[in-house]
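Read through the structure below, which is laid out as structure tokens, and then see the notes.
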Amino acid sequence: MPTCTLNGCGQSYEEASNDAMACQYHPGKPEFHEGVKGWTCCKPRVHSFDEFLEIGGCKLGPHSSEPKHKDDPFKADLTKYDDVLPEPQKEPISTTSAEKPQKPQEEHFVDEDSAGVRVEPGTKCKRNGCDAVYESEERSRGAEQCQFHPGQALFHEGTKGWVCCKPRATDFDEFMRIKGCRRGRHLFVGTQPAEQKQAVKCRRDFYQLADDVVVSIYAKKIDRDKSMVTIDSNSIHVHLVYGDGCTYNDTIHLHSNIDPSASSYEYLSTKAELRLRKVDPAPWPVLEQDGV
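Here this note's numbering is used: the first residue of the sequence shown is 1299, the next is one more, and so on.
Below is the structure:
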């Protein structure tokens, strides 16, 4: 069966039942601005990428399997993403005192299905960047069948990518087609929230204004009484208790100095937002210091 390529759909369909009310989709384009995500064709706005993907289409019509870039003279060149799987680990090379040490790569929690878990045929793989559906144990449980992104989506100053690998795109469709940087087994069910809550890290991003850097740390149902944020001149210390007893601890060593007395933070429904007043109004290329 063909798969619909319209924004917000992605369902498989039969031509015989493809009528004028079969597809609920977004005729507009994705819009990302200052940490808020939505579609140009409708009003809903959210902060997390997962919530953005769940925004229901605002228009009804027939499904379509036409390639999105068919008539686009600026069709994205995706050949640069053909080889994004990490190379084999090499022996570390000693550095001189004049060289900066490399920042260690962040480990990303990778969930796995429990052995023998029951999966309904047609269930879609939950891993980022994978669209496979479950057929049977023999056809869908190979050790290297899933190519996915273990990290979260990252949107910053007009570029889009994944925190687990280097490729970046400016177009949303191009971003959605960035190949996964890790291989493993498909994830059709996953562990229950109570089992994985201690292993989950909160996603964060930031944007800049003329005088401020605004940092968002995404966590729902933050316990205001048990959580704490400490803002120093060159670092911030975050302890969040959220959801069903989950905790998040992090220390961010900032790219440049800030004024703690003019900085602030607040707990919102889906995140903690920190507004940091810059001492030097020059733009920051990154949030954290290199090599820290």
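C-beta: ideal position from N, C-alpha, C; glycine also.
Assuming residue i and residue j are in contact, meaning their beta carbons sit under 8 Å apart, how far apart are those beta carbons, in whole angstroms?
i, j, result
"residue 1500", "residue 1563", "Incorrect: roughly 14 Å between the Cβ atoms, too far for contact."
"residue 1487", "residue 1431", "Their Cβ separation, rounded to whole angstroms, is 13 Å, which puts residue 1487 and residue 1431 out of contact at 8 Å."
"residue 1301", "residue 1363", "6 Å"
"residue 1409", "residue 1485", "6 Å"
"residue 1512", "residue 1585", "Actually they are not in contact, since the Cβ atoms of residue 1512 and residue 1585 sit about 11 Å apart, beyond 8 Å."
"residue 1322", "residue 1358", "6 Å"
"residue 1360", "residue 1314", "Contact doesn't hold; Cβ gap of about 12 Å is too wide."
"residue 1503", "residue 1454", "6 Å"
Name the DSSP bridge partner or partners of residue i?
i, result
"residue 1447", "1426"
"residue 1533", "1551"
"residue 1556", "1576"
"residue 1335", "1330, 1344"
"residue 1569", "1516"
"residue 1539", "1545"
"residue 1528", "1535"
Which residue from the options puts its Cα closest to that of residue i?
i, options, result
"residue 1543", "1525, 1558, 1577", "1525"
"residue 1565", "1555, 1559, 1548, 1527", "1527"
"residue 1334", "1326, 1345, 1341", "1345"
"residue 1509", "1576, 1503, 1523", "1576"
"residue 1427", "1441, 1414, 1471", "1471"
"residue 1580", "1556, 1425, 1419, 1317", "1556"
"residue 1461", "1469, 1451, 1468", "1451"
"residue 1316", "1324, 1299, 1328", "1299"
Compute the Euclidean distance between the alpha carbons of residue i and residue j, then round it to the nearest angstrom.
i, j, result
"residue 1411", "residue 1475", "25 Å"
"residue 1479", "residue 1423", "16 Å"
"residue 1383", "residue 1531", "Bear in mind that the predicted position of residue 1383 carries a pLDDT of just 47, short of 50, making it unreliable; the figure below should be weighed with that in mind. Between residue 1383 and residue 1531, the C-alpha separation is close to 38 Å."
"residue 1578", "residue 1445", "43 Å"
"residue 1352", "residue 1536", "29 Å"
"residue 1456", "residue 1505", "11 Å"
"residue 1507", "residue 1553", "15 Å"
"residue 1521", "residue 1311", "44 Å"
"residue 1339", "residue 1330", "13 Å"
"residue 1482", "residue 1449", "14 Å"
"residue 1343", "residue 1354", "12 Å"
"residue 1558", "residue 1459", "31 Å"
"residue 1568", "residue 1541", "10 Å"
"residue 1561", "residue 1515", "16 Å"
"residue 1466", "residue 1347", "16 Å"
"residue 1336", "residue 1350", "6 Å"
"residue 1442", "residue 1415", "19 Å"
"residue 1549", "residue 1425", "28 Å"
"residue 1420", "residue 1320", "19 Å"
"residue 1572", "residue 1551", "14 Å"
"residue 1583", "residue 1534", "18 Å"
"residue 1519", "residue 1529", "22 Å"
"residue 1436", "residue 1587", "48 Å"
"residue 1438", "residue 1306", "25 Å"
"residue 1304", "residue 1328", "12 Å"
"residue 1341", "residue 1365", "26 Å"
"residue 1434", "residue 1574", "51 Å"
"residue 1517", "residue 1468", "27 Å"
Heavy atom of the ligand GTP less than 7 Å from the Cβ of residue i, yes or no?
i, result
"residue 1555", "For the structure depicted, the ligand GTP is absent and the ligand set is empty, with no information on it obtainable."
4-residue-minimum alpha helix (DSSP H) runs that sit fully inside the region 1448 to 1520, ordered along the chain
1470 to 1474, 1491 to 1494
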